[in-house]
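Chains as they are written, first to last, in the working numbering: chain A, 12 to 184; chain B, 12 to 184.
Protein chains: 2
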Amino acid sequence: MATIEKSTGEGPAAAGKAGREHGVSYRDLWSRPGYLVRRLHQIHVGLFAEECADKDLTPVQFAMLSVLYGVQGLDQFSLSTSVGVDRTSGADVIKRLVRRGLLARERSETDRRANIVRITPAGRTFVDQMRPAMERAQNRLIEPLSEGERDLFLEMIRKMVEANNSASRAPMG
Amino acid sequence: MATIEKSTGEGPAAAGKAGREHGVSYRDLWSRPGYLVRRLHQIHVGLFAEECADKDLTPVQFAMLSVLYGVQGLDQFSLSTSVGVDRTSGADVIKRLVRRGLLARERSETDRRANIVRITPAGRTFVDQMRPAMERAQNRLIEPLSEGERDLFLEMIRKMVEANNSASRAPMG
DNA sequence: CAAAAAAAGGACGCATACTCCCTAAAACAA
DNA sequence: TTGTTTTAGGGAGTATGCGTCCTTTTTTTG
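Below, the structure written as structure tokens:
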């Protein structure tokens, strides 16, 4: 694999549960919460892609469709905010979904700055068909946890998201 | 904000803790583990950027420097694997760090396919200076949790990452 | 009412994180 | 040794997720 051997415990094998030697020092990657969260996010994207293989839709795209499913229409900013992405990122996602015919976009009559986005009948059908695959991906992510741990995990992660909401570039609510 | 009102509970306000009406149905975004993980990852990137404002380094870049800090040298693939990113993503990150003089790269003598990557003295200094900021970002992420919850959270997230490791495009170990 | 502030969106650029396809080099097998 | 397969890396293309600068439109304020 490598021509030169690894000498430290930064790898997963050497890391394990007891990575912090002195207090809270985050010496190796597996003791850094942010690192683990990034890895878990990667994994969820992977699981989602696996379950939705033929559909070719991403988690964020599905989240947008989910929000619009139960709404008459939303401007791009509100839509982006409610799925928790940046305004400019959201605009890109919307553009692709419009191109695929899953969303429709029109200039607002009452506020000519705003684009009103709606889900199309095709988009609605798509959501109906994809929901089981999405749920399988969600379940596989937390499957390694016990029943009790799953609720606990959701509680804790919600607490962190709510408390640090303003730190994100796409604060919600 | 919007010209048309939101009618459903997909938003954060209506969501809360009791989002699942029938069994495990993930009806609203705040009940979807994958969604919450994506948000938490966003937040960590935001916190990291905030703490390291003047340094202009990302979490993945710092992870790479961290790994190379304790190692003689690594080929690009091994380096990417040990920080948990895809081979091609890793190559891009390395390219930027080389451009900034924090890493050095040379063709291996023993295997002329491989690029051996090393941290430069400047990179080493950089890591030393940045570590406190990185640790502040890590601490702020889990600060909303109680002392006991923090260890529990790390346990659980490690369990999920290890069990689903192969689902990611950048499996480790 | 006119000037200023705010808000929505577009356009461009950067960084992560993949895909697929390609070349070159090494390892392995017949 | 001669093929075949594996491995390392590069290049092109796509998607998220941000920043910044800019225009247009609306709202607010003096």
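Every residue, glycine too, gets a C-beta built ideally from N, C-alpha and C.
Answer yes or no: does any C-beta atom of chain B fall closer than 8 Å to that of A:Asn235? Since the first and last residues shown for chain A are 12 and 184, residue 235 of chain A lies out of range.
Give me the residue from A:Arg43, A:Val109 and A:Glu160 with the minimum Cα distance to A:Met75. Nearest in C-alpha terms to A:Met75, of all of A:Arg43, A:Val109 and A:Glu160, is A:Val109.
With distances taken between CB atoms, is the gap from B:Arg50 to A:Gly95 smaller than 8 Å? Yes, these two residues count as a Cβ contact at 8 Å.
Over the uninterrupted alpha helix (DSSP H) stretch that includes A:Arg116, give me the two end residues. Per DSSP, A:Arg116 belongs to no alpha helix (DSSP H); it is in the beta strand (DSSP E), Leu114 to Arg118.
Host alpha helix (DSSP H) of B:Asn150 (start-end): Counting along the chain, the alpha helix (DSSP H) containing B:Asn150 begins and ends at Pro132 to Ile153.
A:Gly134 touches chain B at which residues, Cβ-Cβ below 8 Å? Listed along the chain, the chain B residues whose CB falls inside 8 Å of the CB of A:Gly134 amount to none; the nearest CB is some 15 Å away.
Roughly how far, in whole angstroms, is the beta-carbon of B:Ile168 from the beta-carbon of A:Leu165, given that I think they are within contact range, below 8 Å? Going by Cβ atoms, the distance from B:Ile168 to A:Leu165 rounds to 12 Å, so no, they are not a contact pair.
B:Thr131 and B:Ala115 closer than 8 Å at C-beta: Going by C-beta atoms, B:Thr131 is nearer than 8 Å to B:Ala115.
According to DSSP, simplified to helix, strand and coil, what is A:Leu68? In the displayed model, A:Leu68 falls within coil according to three-state DSSP, outside both helix and strand.
Are A:Ile127 and A:Glu117 closer than 8 Å when you measure CB to CB? Result yes, Cβ atoms of A:Ile127 and A:Glu117 sit closer than 8 Å.
CB of A:Ala144 within 8 Å of CB of A:Cys63, strictly: Going by C-beta atoms, A:Ala144 is nearer than 8 Å to A:Cys63.
Selected residue, minimal CA-CA separation from A:Gly57, among A:Asn176, A:Ser157, A:Leu152 and A:Lys170: Of the listed residues, the one whose Cα sits closest to A:Gly57 is A:Leu152.
Can you give me the start and stop residues for the alpha helix (DSSP H) that A:Val56 sits inside? Here the alpha helix (DSSP H) through A:Val56 covers Pro44 to Glu62.
Do you know offhand how far B:Ala133's Cα is from B:Asp97's? Annotation: B:Ala133 to B:Asp97 spans about 26 Å, alpha carbon to alpha carbon.
Can you tell which of B:Glu61, B:Val138, B:Arg107 and B:Glu158 has its C-alpha closest to the C-alpha of B:Gly81? Among B:Glu61, B:Val138, B:Arg107 and B:Glu158, the Cα nearest to that of B:Gly81 belongs to B:Val138.
Please list the segments of the alpha helix (DSSP H) lying wholly inside the region 66 to 108 of chain B, counting only runs of 4 or more residues, in order along the chain. Positions of the alpha helix (DSSP H) runs, each at least 4 residues long and wholly inside the region 66 to 108 of chain B, are given as 70 to 80 and 87 to 94 in order along the chain.
Assigned secondary structure, B:Arg38 (DSSP; H/G/I helix, E/B strand, else coil): Residue state, collapsed to three classes: coil.
Does B:Asn176 come out as helix, strand or coil in the three-state DSSP assignment? Here B:Asn176 sits in helix by DSSP.
Taking the straight line between their C-alpha atoms, what separation do you get for B:Gln87 and B:Ser177? For B:Gln87 and B:Ser177, the distance between alpha carbons rounds to 20 Å.
Of the choices A:Asn175, A:Glu154, A:Lys170 and A:Asp162, whose alpha-carbon is the least far from that of B:Glu173? For the residues A:Asn175, A:Glu154, A:Lys170 and A:Asp162, the minimum Cα distance to B:Glu173 belongs to A:Glu154.
So, using beta-carbon positions, are A:Phe73 and A:Met171 closer together than 8 Å? Taking 8 Å as the cut-off, the beta carbon of A:Phe73 is found no closer than this to the beta carbon of A:Met171.
From the beta carbon of B:Gly159, is the nearest beta carbon of chain A less than 8 Å away? Not one beta carbon of chain A lies nearer than 8 Å to the beta carbon of B:Gly159.
Do you know how far the Cα of B:Arg129 is from the Cα of B:Leu85? Each residue's alpha carbon lies about 7 Å from the other.
Would you call A:Arg123 buried or exposed, if buried means 16 or more other Cβ atoms sit within 10 Å of its Cβ? Result: exposed.
Which same chain residues, not among the five before or five after B:His33, have their C-beta less than 6 Å away from its C-beta? Because the pLDDT at B:His33 is just 40, under 50, the model does not fix this residue reliably, and the value given afterwards should be weighed accordingly. Sequence-distant Cβ neighbours of B:His33 in its own chain, meaning closer than 6 Å and more than five residues away, do not exist here.
Contact list for B:Val48 against chain A, beta-carbon separation under 8 Å: For B:Val48, the chain A residues whose C-beta falls within less than 8 Å of its own C-beta are Val48, Leu51, His52, His55, Leu152 and Ile168, listed in chain order.
Quick check on B:Phe59 - is its C-beta less than 8 Å from some C-beta in chain A? B:Phe59 counts as touching chain A.
Taking the Cβ atom as the reference point for each residue, do A:Gly101 and A:Leu113 lie within a distance shorter than 8 Å? No, Cβ-Cβ distance for A:Gly101 and A:Leu113 is not below 8 Å.
Consult DSSP for B:Arg129 and reduce its assignment to one of helix, strand or coil. In the structure shown, B:Arg129 sits in a strand (DSSP, three-state: E or B).
List the residues of chain A that B:Val172 touches, going by C-beta distances under 8 Å, in chain order. Chain A residues near B:Val172: Leu47, Arg50, Leu51 and Ile54.
Using a beta-carbon distance cut-off of less than 7 Å, what residues from the region 62 to 83 of chain A approach chain B? The region 62 to 83 of chain A vs chain B, Cβ under 7 Å: Pro70, Ala74, Ser77, Val78, Gly81, Val82 and Gln83.
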